[in-house]
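Data first, discussion second: the structure below is written as structure tokens.
What follows is the structure, encoded as structure tokens:
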């Protein structure tokens, strides 16, 4: 397989949003003042990119043929980039201006970015899949390159110097033969209104000339976030607004039998809204609305529970769709004959919550037939469509504005809370804010799906992988394709990835969707094969890898960690795992300590090496790696949704444990210099290895093999007992 | 029932006519417009709603507004003095110790409280002292570095 490709695997289910960009280009541009405006036709741009790079293929589908990425250079010389992407901690508020400043030769502090406003920003699919830098970034760079062409034309006229004799630096164009003769971007754009429209592939700067891209930059929003000035959707208030609390069923399949809202209505200032499918109480204070909700007497019929967190895997296997072969090569039977050792195992992964610290929140106002909704969303244009459909408004009568988002991880691509706020604003005629409680957040979360992976494999007498037969159920294919050199292999997928209808509740994309499960299974299994072959797990991997990029990241991780070869279990508690996600190659080595009596696992240190192509903001990229390592310990060790039927039993952090300070290992993160490769994903890759690297380290420490995530103390104890 | 509650809020005498049983978090966020303290869990697990009451970090989602009567309350908005950031705020920025930022007001105030009680904490004391403030993005290690560096600076020593 060509692992360099980012297949559009996870976007199969995205509906055609063609009804969502009815704004004419003229309307759109009218809102801006003078200056230079550059638009990019995203579909043409992607088509041009796809001719050269396979990773863009599949992205042309569904993209509007209207203009997309664009920027403006105002008459004051300030540069503004507009993007439908949003900031949720992953850092584009810092890195996208770096890309713009670089290509435009403008000082970084003159570059602004406007994000996630459906009235101001061009259409965007959503902020997920680690696509901001690698997919949107090139379009923004192209717009900047085009703007520079315009500036050079204007400067040639203004300075009466041939264009070839001009160069750009620090927001000015100057005469190379007489650098004193210069004119600033602001001077050039004064009184002008120039519009450019590009679809092809303009000439971009060579990475060797970069001075801004590749330089570590502190988060631009740091000051706002340490002073409380950064506003999230729940921090916004409008005159006369009401806070809404909505009556929720105890389980997803419960039906309302009877309800009495009268006690709530008695509370002064409380307004009750009751329709066939929505009962809400509203008040000018959220806590009073919550008290009023508690006064509502409601009885529900809850069907008998058929599945729970224990029997879910058997159930899912019993209803599993047939296999789709994703990749295959060679002859499995021939491989089986070559094998001197075979290893078979089944790996399980539970439902995992996104659990962003900010719950789903939205504020909606409807004025003069137009809805404005401030929403915590990863997908403002998707929210616009959902709200428009719910209100019966045309899309252009819905504006979604995205303030700072308090974490998303895939969970805020669904916008139920925004729809609820908009519906309630329409019904009450007042601005309405909906802020989910933590219980609602757990209840309506689109969990990482429970999933099963079955692997049968074998090694030959020389420690080479002879065959590999891999079946993944419900995790989807992201990360399922192995990257070892195996002559006879088959990878099959069952079910519609992470959104199958077989689950008892909604499931969805969870940071590196599917890849955490797939990498846990694959890398645990590779370790079992190394043990069967009697080889050191790093050496075994190198013995079976020919992909030079993977070899390099693995060797770098091993060197950084100070790996010395030993056959597992060596009692040292060392584990290794490799993975590929969003075009980025990653390898991690961890050391753990296992308390055999309690089953508790402490991750002591993690060395992680990553090849992500060109890095825009190395500091931001390292922060993402650290975040992935830290967050990844959660799905590895504790995070799992408990449920009975379609009732979610976890309602808060008393039973759902996420990583905390005492868990944090010593971390050494290394980003390989690969500046001549296009930028790849950064927000997700390093999380995919965390399940396997810890499982393998537990095995190395104890000899116990954990094949189910999360590796809770009880499961660790049980596995140790079996050794 | 409406009570009159007087307290000092971010250095300013404040007098409220409010139902004293209402939770401090919502009175701060709505009646007083101070949205630095965030709602994260509503049960005191996560620390997003942390404020200082007489220099001690407190979960504002758990306490009634009447409990701060005659006390001194500081939210993240009041930590800056005369246009100067608190050393903990500066250290969070310098260490890039934040991602989505939602938990950061609580993290900063909990750290300020920690350093008030123990101006020279060991790394382990910082870990333990911060352990009940959650961060989902995984900024923990940088936050620990930031607090250590702020502690050194507040002691007049070089920032580590």
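Chains as they are written, first to last, in our numbering: chain R, 218 to 940; chain F, 16 to 175. Beta carbons are placed, not taken as given, at the ideal position from N, Cα and C, and that holds for glycine. A quick note: this is a predicted structure, and the numbers were derived from the prediction, not measured.
Nonlocal neighbours in the same chain, by C-beta distance under 6 Å from residue i, ignoring five residues either side
i: residue 583/R; result: 642, 643
i: residue 469/R; result: 722, 863
i: residue 748/R; result: 785
i: residue 24/F; result: 88
i: residue 412/R; result: 254
i: residue 655/R; result: 869
For residue i, the residue or residues it bridges with in DSSP
i: residue 777/R; result: For residue 777/R, which the question treats as bridged, DSSP gives no partner whatsoever.
i: residue 917/R; result: Bridge partners of residue 917/R: none, in fact.
i: residue 460/R; result: 500/R, 650/R
i: residue 331/R; result: 299/R
i: residue 864/R; result: 861/R
i: residue 706/R; result: 546/R, 685/R
i: residue 569/R; result: 665/R
i: residue 99/F; result: 96/F
i: residue 795/R; result: 804/R
i: residue 164/R; result: Since the displayed chain R opens at 218 and closes at 940, residue 164/R lies outside it and no answer follows.
i: residue 591/R; result: 580/R, 618/R
heavy atom of the ligand ATP below 8 Å from residue i C-beta
i: residue 506/R; result: The ligand content of the structure shown is nil, which means the ligand ATP is not present either.
CA-to-CA distance, residue j to residue i, given in whole angstroms
i: residue 632/R; j: residue 677/R; result: 51 Å
i: residue 34/F; j: residue 461/R; result: 20 Å
i: residue 774/R; j: residue 689/R; result: 28 Å
i: residue 77/F; j: residue 62/F; result: 11 Å
i: residue 56/F; j: residue 74/F; result: 11 Å
i: residue 659/R; j: residue 253/R; result: 47 Å
i: residue 833/R; j: residue 319/R; result: 10 Å
i: residue 317/R; j: residue 591/R; result: 27 Å
i: residue 126/F; j: residue 939/R; result: 44 Å
i: residue 792/R; j: residue 717/R; result: 33 Å
i: residue 276/R; j: residue 913/R; result: Caution is warranted here: a pLDDT of 44 is assigned to residue 276/R, below 50, making its placement in the model unreliable, and no coordinate value can be reported.
i: residue 807/R; j: residue 593/R; result: 35 Å
i: residue 519/R; j: residue 466/R; result: 9 Å
i: residue 240/R; j: residue 606/R; result: Note that residue 240/R scores 48 on pLDDT, short of 50, meaning its location in the model is unreliable; the coordinates nonetheless yield the value given after this. C-alpha separation (whole angstroms): 17 Å.
i: residue 517/R; j: residue 479/R; result: 18 Å
i: residue 10/F; j: residue 158/F; result: This structure cannot settle anything about residue 10/F, because the visible part of chain F is limited to 16 through 175.
CB contact check: residue i to chain F, cutoff 9 Å
i: residue 848/R; result: yes
i: residue 632/R; result: no
i: residue 572/R; result: yes
i: residue 577/R; result: no
i: residue 456/R; result: no
i: residue 279/R; result: For residue 279/R, the predicted model reports a pLDDT of 46, less than 50, meaning its position is unreliable; a value from the coordinates is still stated below. No, its Cβ sits nowhere closer than 9 Å to a Cβ of chain F.
i: residue 321/R; result: no
CB contact flag (residue i, residue j, <9 Å)
i: residue 135/F; j: residue 165/F; result: no
i: residue 927/R; j: residue 854/R; result: yes
i: residue 923/R; j: residue 933/R; result: yes
i: residue 693/R; j: residue 675/R; result: no
i: residue 502/R; j: residue 570/R; result: no
i: residue 841/R; j: residue 800/R; result: no
i: residue 817/R; j: residue 823/R; result: no
i: residue 867/R; j: residue 860/R; result: yes
i: residue 430/R; j: residue 831/R; result: yes
i: residue 405/R; j: residue 375/R; result: yes
i: residue 757/R; j: residue 667/R; result: no
i: residue 473/R; j: residue 649/R; result: no
i: residue 107/F; j: residue 881/R; result: no
is_contact[residue i, chain R] using C-beta, thresh 9 Å
i: residue 35/F; result: no
i: residue 18/F; result: no
i: residue 60/F; result: yes
i: residue 120/F; result: yes
i: residue 45/F; result: yes
i: residue 131/F; result: no
i: residue 151/F; result: yes
i: residue 154/F; result: yes
Sequence-distant residues of its chain with Cβ nearer than 7 Å to residue i (five each side left out)
i: residue 117/F; result: 53, 63
i: residue 875/R; result: 572, 851, 856
i: residue 610/R; result: 588
Close-in-space but distant-in-sequence residues of the same chain around residue i (CB under 8 Å, 5 per side omitted)
i: residue 929/R; result: 816, 854, 855, 857
i: residue 331/R; result: 297, 298, 299, 300, 337, 338
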